[in-house]
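Same order as they appear, the protein sequences are chains B and W. Those letters in the first sequence? Residues 3 to 348, by our numbering. Those letters in the second sequence? Residues 3 to 348, by our numbering. Glycine included, each C-beta is placed from N, C-alpha and C at the ideal position. Since this is a predicted model, take the numbers as computed values, not measurements.
Protein chains: 2
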Amino acid sequence: MEYTSLESVGEFGLIERLVRSIPLPSRHVVKGPGDDCAVLEPNGSELLLVTTDALVERVHFDLTYCPLKYLGYKAAAVNFSDIYAMNGRPTALTLSLAVGARFGVEAVEEIFGGILTACKEYGADLVGGDVTSSRAGLMLSLTALGRVSRSEIVYRSGARPTDLICLTGDVGAACAGLRILEREKAVFKENPNVNPDVAEFAYVVERQLRPVAKKQALENIRRSGVKITSMIDVSDGVANETWHLAQASGCGAVVVQDKLPIDYQTIKVAEMFDESPVEWALYGGEDYELLFTVPAMDYEKIIAVPEVAVIGYMTEKISGVKLAMSDGSFADLKFLGFNHFVGKST
Amino acid sequence: MEYTSLESVGEFGLIERLVRSIPLPSRHVVKGPGDDCAVLEPNGSELLLVTTDALVERVHFDLTYCPLKYLGYKAAAVNFSDIYAMNGRPTALTLSLAVGARFGVEAVEEIFGGILTACKEYGADLVGGDVTSSRAGLMLSLTALGRVSRSEIVYRSGARPTDLICLTGDVGAACAGLRILEREKAVFKENPNVNPDVAEFAYVVERQLRPVAKKQALENIRRSGVKITSMIDVSDGVANETWHLAQASGCGAVVVQDKLPIDYQTIKVAEMFDESPVEWALYGGEDYELLFTVPAMDYEKIIAVPEVAVIGYMTEKISGVKLAMSDGSFADLKFLGFNHFVGKST
């Protein structure tokens, strides 16, 4: 890769280079980058959604194995995922990027390119931002805006007892990918001549490095005509997110262990590490699937939607949040949260 | 100060503590923190403004002398300043905070308290955010939303030749404050028993540590009935911002050196350091005053507005951007920009 130092182009020079690569914005953008604020045309009949999510080096990612382009894509996708979790559509994104002097202009352009790829894929405009130096690591903080009609907005709080708990895609894969990458990193440190071989686990590695926000799955659900009653995106594992839905909705919940959709590669990796793929599905995090509830009467309709599995059901609050085990018994489904301050689930 | 470790409360615990301290939101906030996104009621007749600005430790601030509460306030105020620079009103703010393990819960609460103080003062709701750990320094990235009516929005690009260049408040003070603080820091490092004495320079120190977004001045200008033709906030010094207005408007400009409003304390500090207060006014930065243009025919009206000075006028583009010196001669007013990647104006 070429290397042009950030000092040599300066902050304004860098921003000018980056802004030139932004495609023409949609009609709702009255003014993109280049003034004190971006100016957007609101849609008076729709609600405005706002969400912020940051990725911090050595906390959320490791540049040893995370390509910069993927990093930019992921930072944008995790924000768009929050917009989809309200049943909305992303419209705009702002970026705040802090980079150390060790990064060159080309590296920043890689990150930026990844963000633009995600913007294009999800239909949002990059409307503004801020690039600054950092004496330490790389940090990206993104804010996404979105829209949703009043009649279609879905909160975490709308689930009712007997509603079915549904999940898009499969879970635990991002965690499996992380294990593979961490292992390859350790091997590489011991012997830099060994080339990492992740091809066998390409799917789970990709799930970790380049998560997809579930735009298409959500469109499929909408087309089914089923009314989603509550929804959240799975960033901290199915168990924690089920807890969030249950608490916000004033319900209990049962997740059926055998119904958890887990990919074959995830299971294989878990076997290799002698760990439980179910644990990864429940607490692994970073899958960015959508966890949602629908009325029980819509069972036939929702299981007909591609990529959607029914994994449990909501109950009365007094029943608590449970895991239905393979042997027919019930266990408490623990809320562990995710503690970034210790760097692992606690 | 008490110290409760971040590890002990965890990310969810910390966010819960912080969210409890947020006052009840305005009516336009349909849903504040607690779901995947904040949900806002747009005002269909007004345009939506979005701006992002980050403060990074050891780049934008130094915790040796910057109280955490002021830091939070400043991070919010500099974003609101961008909203005012479009002639808008701030409505909402999201926060992304990365903190190292050396910070305790109480420190984060201090920062948060400063942000809430600013939100209250400027009439915006804190609607969402993200708190994460950082292996390195402290970083705050804030995104402000605002509104402005279509007929009142002011861009950088609306100035015309003969328009008067006006400025709120005084400039160079934040730079003077920084010099004092840096000096006291050096003294303290040599001899930790010497208590810093900044009382004599309280005004300039406050301008550096706790800049005020010019809400009141802008209201006064609006009340005068004068139509602002272009506007920008002064974050990188009057010279750079005049350049931005001139370039965006396709004009030249003349700034009259003797008309630059410089506080007596700023002059005194510049003398102490044997530096030029005019240089600080032109290139010092961080003053967060509003630089704007009005039609020449409104001269009488605009000079009657408290806190506003006329410091020059716009010219044809071919004339370039000039500084009218005390002796009647003209010099090129240089565009230096601000290069965060080398940490000083270049």
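query, result
"Contact set between the segment 4 to 26 of chain W and chain B, restricted to residues whose Cβ is under 9 Å from the partner", "7, 8, 9, 10, 11, 12, 13, 14, 15, 16"
"C-alpha distance - residue 21/B paired with residue 269/B, whole-angstrom precision", "43 Å"
"7 Å Cβ shell around residue 87/W - same chain, five flanking residues per side excluded", "233, 234, 235, 292"
"Top-ranked residue by Cα proximity to residue 205/W, from 226/W, 170/W, 174/W, 126/W", "174/W"
"CB contact below 8 Å: residue 44/W versus chain B", "yes"
"CB of residue 128/W within 8 Å of CB of residue 95/W, strictly", "yes"
"Cβ neighbour criterion (16 or more within 10 Å) applied to residue 274/B", "exposed"
"Stretch-stretch touch, CB-based, cutoff 8 Å, three pairs: the segment 89 to 106 of chain W with the segment 332 to 341 of chain B", "no"
"Every unbroken beta strand (DSSP E) inside the segment 114 to 148 of chain B [3 residues or more]", "127 to 135"
"Own chain residues within Cβ distance below 6 Å of residue 142/W, not counting five before or after", "57, 77, 99"
"Nearest-angstrom Cβ-Cβ length linking residue 120/B and residue 75/B, presumed shorter than 8 Å", "5 Å"
"Close Cβ partners of residue 79/B (< 6 Å) along its chain, the five nearest in sequence each way excluded", "120, 213, 215"
"Ranges of the alpha helix (DSSP H) found wholly within the segment 161 to 231 of chain B, counting only runs of at least 4", "175 to 192, 204 to 211, 217 to 226"
"Limits of the unbroken beta strand (DSSP E) element including residue 76/B", "Looking at the DSSP string, residue 76/B is not in any beta strand (DSSP E); the run it does join, the alpha helix (DSSP H), is 70 to 86."
"Own chain partners of residue 81/B with C-beta closer than 8 Å, once the 5 adjacent residues on each side are dropped", "53, 54, 55, 92, 95, 144, 145, 146"
"Distance cut-off 7 Å: residue 157/B Cβ against heavy atoms of the ligand SAM", "Here there are no bound small molecules, and the ligand SAM is not part of this structure."
"Buried versus exposed call for residue 327/B [16 or more other C-beta atoms within 10 Å across all chains shown]", "exposed"
"Contacts that residue 280/B makes with chain W (C-beta to C-beta distance below 8 Å)", "Near residue 280/B there are no residues of chain W at all, since even the closest Cβ is about 22 Å away, more than 8 Å."
"CB contact check: residue 64/B to chain W, cutoff 8 Å", "no"
"Bridge partner(s) assigned by DSSP for residue 253/W", "318/W"
"Local Cβ density within 10 Å of residue 237/B, reported as buried at 16 or more and exposed below that", "buried"
"Residue 324/B versus residue 15/B: straight-line alpha-carbon distance, rounded", "56 Å"
"Pair within 8 Å by beta-carbon distance, residue 2/W and residue 161/W", "The shown model of chain W, from 3 to 348, leaves out residue 2/W, and the question about it has no answer."
"Per DSSP, the bridge partner or partners of residue 313/W", "DSSP, once it has assigned bridges, lists no residue as partnering residue 313/W."
"Short-range partners of chain B found in the segment 193 to 214 of chain W, where Cβ spacing is below 9 Å", "none"
"Neighbour-count burial assignment, residue 306/W, 16 or more Cβ in a 10 Å radius", "exposed"
"Residue-chain proximity (residue 187/B, chain W), Cβ-Cβ < 8 Å", "no"
"CA-to-CA distance, residue 6/B to residue 148/W, given in whole angstroms", "36 Å"
"Beta-carbon neighbours of residue 132/W, restricted to chain B and to distances below 8 Å", "54, 55, 56, 143"
"Inter-stretch contact at 8 Å, needing at least 3 Cβ pairs: the segment 281 to 290 of chain W / the segment 168 to 183 of chain W", "yes"
"Neighbouring residues, chain B, relative to residue 33/W (Cβ below 8 Å)", "157"
"Residue 106/W - partner residues in DSSP beta bridges", "7/W"
"Cβ pair residue 50/B, residue 42/W closer than 8 Å", "yes"
"Span separating the alpha-carbon of residue 224/B from that of residue 271/B", "34 Å"
"Sub-8 Å separation of residue 228/W and residue 300/W beta-carbons", "yes"
"Assigned exposure category for residue 37/B - 16 Cβ within 10 Å defines buried", "buried"
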